[in-house]
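Take a look at the structure below.
In the working numbering, the protein residues as written are 1370 to 1741.
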């Protein structure tokens, strides 16, 4: 569903349809808004998207297990959101720049993350687990919504450079209530910045349901800022791919920002420090299990003859290899010296941080091993 910029249009409550290309049963349906952006898509392309999602789910499972085994300090699962992340990220150019939140494991995978890139920060060994300029993806942002402002600033720089790249920022339904997100949309609209806002509406902002965050569809907010938006099935990888193609085409052509609301579901906890059974009903979880983003693509590909048991086994084996490599990266990662936490905090050293370093060194000296 595309939300127009017409100020006299019906309120958002009248626009509750969610655009879809693949049903939960794996049936391809016609969609006037999205099909135009999928004309060149082959079954091999869909199979590649499926492979991506299987691997991302395996990485996510490994990260969760590593945290439970005490090898990571925290993990933010993306279980159930693979289609929203892979579909949108695979529509981007390598030269586009992405500003993710802490849950976008699938996005950084699609952008070219390496084995250690998934676990360095969560293990506490690196501040920025990968070089942002190696994969044109900013450090995964912990501060809720802050990355949207960074994306808009970068997009304004793209315009100043006369380039046709876009900036893309990801955030959740809870972040849509943050002032940063709304301020980012004000600036993006005012300066026609080539930025795409991707809201993964996974139904829960920690323990608060989206119906408390927003009485109306979140995509309906963007046109009030002068930003066209689309509301799609976030568990449909093809719909997400098409939506991002629509949005980037709009932004690249000089028309300014675009907004996507991908309606999906967080199948696991908010992070590994959360217990969703305290606030979420089993029946709700089961309903969303029937809309699993991987299952629908598998059904579609098997019906088309593009996914056989042998191919599925090959993909599963590849996913296991990647999972094992992520585990190995975590377990063999050298522990950095405690005082290195002050390194690179500022571009130029100054007396304040040196004083903090000395104080922390004195504190560590009280313990066996000191502050080596």
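Yeah, the Cβ is synthetic: ideal placement off N, Cα and C, and Gly gets one too.
Using a Cβ distance threshold of 8 angstroms, residue 1542 and residue 1579 count as a contacting pair. Note: residue 1568 is bridge-paired with 1540, 1630 in the DSSP secondary-structure output. The closest CA to that of residue 1676, considering only 1419, 1386, 1491, 1729, is found on 1419. In the DSSP assignment, residue 1468 falls within the beta strand (DSSP E) that extends over 1466–1468. DSSP places residue 1473 outside both helix and strand once states are collapsed to three, so it counts as coil.
DSSP places residue 1600 in the uninterrupted beta strand (DSSP E) bounded by 1598–1602. Within the model, the alpha-carbon separation for residue 1506 versus residue 1575 is close to 25 angstroms. Boundaries of the alpha helix (DSSP H) harbouring residue 1668: 1662–1673, taken from the DSSP string.
In the assembly as shown, residue 1438 is an exposed residue. Its beta-carbon has fewer than 16 other beta-carbons within 10 Å.
Shown here for residue 1465: same chain residues with a beta carbon closer than 8 angstroms to its own, the five before and five after excluded, namely 1505, 1534, 1535, 1536, 1537, 1617 in chain order.
Looking at the DSSP output, residue 1397 sits in a beta bridge with 1391. Taking a contact as a CB-CB distance under 8 angstroms, the pair residue 1614 and residue 1573 does not count as one, their CB atoms being some 28 angstroms apart. In the displayed model, residue 1510 falls within a strand according to three-state DSSP. Between residue 1472 and the set 1483, 1460, 1453, 1459, the nearest pair of CA atoms involves 1453. For residue 1722 against residue 1729, the beta-carbon gap comes to about 10 angstroms, at or over 8 angstroms, which does not count as contact.
Taking every protein chain shown into account, the CB of residue 1699 has 16 or more other CB atoms within 10 angstroms, so this residue is buried.
In the same chain as residue 1567, and ignoring 5 residues on each side of it, the C-beta atoms closer than 6 angstroms to its own belong to 1457, 1539, 1629, in chain order. Between the alpha carbons of residue 1595 and residue 1632 lies a distance of about 22 angstroms. Listed as beta-bridge partners of residue 1562 by DSSP are no residues whatsoever. The closest CA to that of residue 1524, considering only 1562, 1530, 1577, is found on 1562. Per DSSP, residue 1485 is not a residue of any alpha helix (DSSP H), being assigned neither H nor E.
Secondary structure note for residue 1613: its alpha helix (DSSP H) is the uninterrupted segment 1606–1619. Note on the segment 1408–1449: whole alpha helix (DSSP H) runs with a minimum of 4 residues are 1412–1437, in chain order. With a threshold of 16 other beta carbon atoms within 10 Å, residue 1468 meets it and is buried. Between the alpha carbons of residue 1389 and residue 1672 lies a gap of roughly 19 angstroms.
When DSSP assignments are scanned along the segment 1648–1728, no uninterrupted stretch of beta strand (DSSP E) that is 3 or more residues long falls wholly within it. Distance between residue 1517 and residue 1552, taken at the CA atoms: about 9 angstroms. Per the coordinates, the alpha-carbon of residue 1528 lies some 26 angstroms from the alpha-carbon of residue 1544. For residue 1552, the secondary structure class from DSSP, reduced to helix, strand or coil, is helix. Between residue 1424 and residue 1687, the C-beta spacing is below 8 angstroms.
Restricting attention to 1395, 1546, 1624, the CA atom closest to the CA of residue 1564 is found in 1624. Comparing alpha-carbon positions, the option among 1599, 1548, 1656 lying closest to residue 1515 turns out to be 1548. Scanning 1674, 1637, 1585 for the CA closest to the CA of residue 1447 turns up 1637.
Residue state for residue 1574 is assigned as strand, using DSSP reduced to three classes. An exposed status is given to residue 1502, since fewer than 16 other beta-carbon atoms sit within 10 Å of its beta-carbon.
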